[in-house]
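Enquirer: Residue numbers (the working numbering): 913 to 1078.
Just so it is clear, CB atoms sit at the ideal spot from N, CA and C, and this is done for glycine as well.
For clarity, every value in this text was computed on a predicted model and none was experimentally measured.
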Amino acid sequence: MLKKIILALVLIPTLVGVFLWQVQPAWWVEAKAEWLADFNAEREELAATWRNDGLDFGRENAQAACLDKALNDFDGCTGFQCTVNHGRFLNACLETAAATENFCEGVPAFREEPTEDDKSWAKYACWDRNIRGEGCRLLMRQQQLFCSDGKAADASDAAAPASADG
913 MLKKIILALV
923 LIPTLVGVFL
933 WQVQPAWWVE
943 AKAEWLADFN
953 AEREELAATW
963 RNDGLDFGRE
973 NAQAACLDKA
983 LNDFDGCTGF
993 QCTVNHGRFL
1003 NACLETAAAT
1013 ENFCEGVPAF
1023 REEPTEDDKS
1033 WAKYACWDRN
1043 IRGEGCRLLM
1053 RQQQLFCSDG
1063 KAADASDAAA
1073 PASADG
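Given below as structure tokens:
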């Protein structure tokens, strides 16, 4: 008898899920659309908050302080959303921050496809700061992009063959 109860507890929700997935009644489609709209609005609000925090911090600090704060606050953070949030903060902060002498010294040029040297630079920059988390390397790429004036060094290489064909 217990096996039948367990089977029913597993089978009924599974069948309901398959039904909703296959048939997609109007109320289900509306509920999904509403959830998605709410989710996107929440993400947009969160993104604006991180950006505004970065702009505010940058107005009162230098570029090096922006990078230090983003990396130190990021330390130990896991997950994609956490990396994205700290990246938004860093980008916005660098927009309004006072220049730091030698901030871009030793920073390799940004490339759409990072070279092994680029990857090594980012990895050791994180290790030297004792920052944990794979996303640290992505934050260091934000510094590369900033120091390259927002242009990829390999963008002109990629555009040249395309313009030669046309």
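#1: Starting from the C-beta of A1071, find all residues in its chain whose C-beta is less than 7 Å away, skip the five residues before and the five after it, and write them out in chain order.
#2: Taking just the CA atoms, how far does D1040 sit from C1048?
#3: Who are A1065's beta bridge partners in DSSP?
#4: Any idea what DSSP makes of A938, helix, strand or coil?
#5: Cα separation between E1007 and T990?
#6: For V935, count the other beta carbons within 10 Å of its own beta carbon; 16 or more makes it buried, fewer makes it exposed. Which is it?
#7: Classify A959 as helix, strand or coil using the three-state DSSP reduction.
#8: Could you check where the alpha helix (DSSP H) with S1060 kicks off and where it finishes?
#9: Strictly by DSSP, which residues pair up with A1010?
#10: Excluding five sequence neighbours on each side, which residues of the same chain lie with their C-beta closer than 7 Å to the C-beta of A981?
#11: Given a threshold of 16 other Cβ atoms within 10 Å of its Cβ, counted over all protein chains shown, does T961 qualify as buried or as exposed?
#12: If the criterion is Cβ atoms closer than 7 Å, does the pair A1010 and A974 meet it?
#13: Whole angstroms is fine: what's the gap from N997's alpha carbon to L932's?
#14: In the DSSP assignment, find the alpha helix (DSSP H) that holds C1038 and state where it starts and stops.
#15: Who are the Cβ neighbours of E942 in its own chain at under 8 Å, not counting the five residues just before and after it?
#16: What would DSSP say about A1076, mapped onto helix, strand or coil?
#17: Using only alpha-carbon positions, find the residue among E972, A1021 and N1042 that is nearest to F1058.
Expert: The answer reads as follows:
#1: Residue placement at A1071 cannot be trusted, given a pLDDT of 46 that sits under 50; what the coordinates show is reported in the next sentence. If the five residues before and after A1071 are omitted, its C-beta is found closer than 7 Å to no C-beta atom of its own chain.
#2: The alpha-carbon atoms of C1048 and D1040 are separated by roughly 12 Å.
#3: Beta bridge pairing from DSSP links A1065 with no other residue.
#4: Here A938 sits in helix by DSSP.
#5: Spanning the two alpha carbons is a distance of roughly 25 Å.
#6: So V935 counts as exposed.
#7: Note: A959 maps to helix in three-state DSSP.
#8: Counting along the chain, S1060 falls outside any alpha helix (DSSP H), and DSSP gives it neither H nor E.
#9: A974, per the DSSP bridge assignment.
#10: Note that residue 981 corresponds to Lys in the displayed sequence, not to Ala. Here the set comprises F969.
#11: So T961 counts as exposed.
#12: Yes, the Cβ-Cβ distance between A1010 and A974 is below 7 Å.
#13: About 34 Å.
#14: C1038 -> alpha helix (DSSP H) spans E1028 to D1040.
#15: Apart from sequence neighbours up to five positions away, no residue of its chain approaches E942 with a beta-carbon distance below 8 Å.
#16: Note on A1076: pLDDT 42, under 50, position unreliable in the model; the coordinate value appears next. Helix at A1076.
#17: Checked all of E972, A1021 and N1042; the closest Cα to F1058 is A1021.
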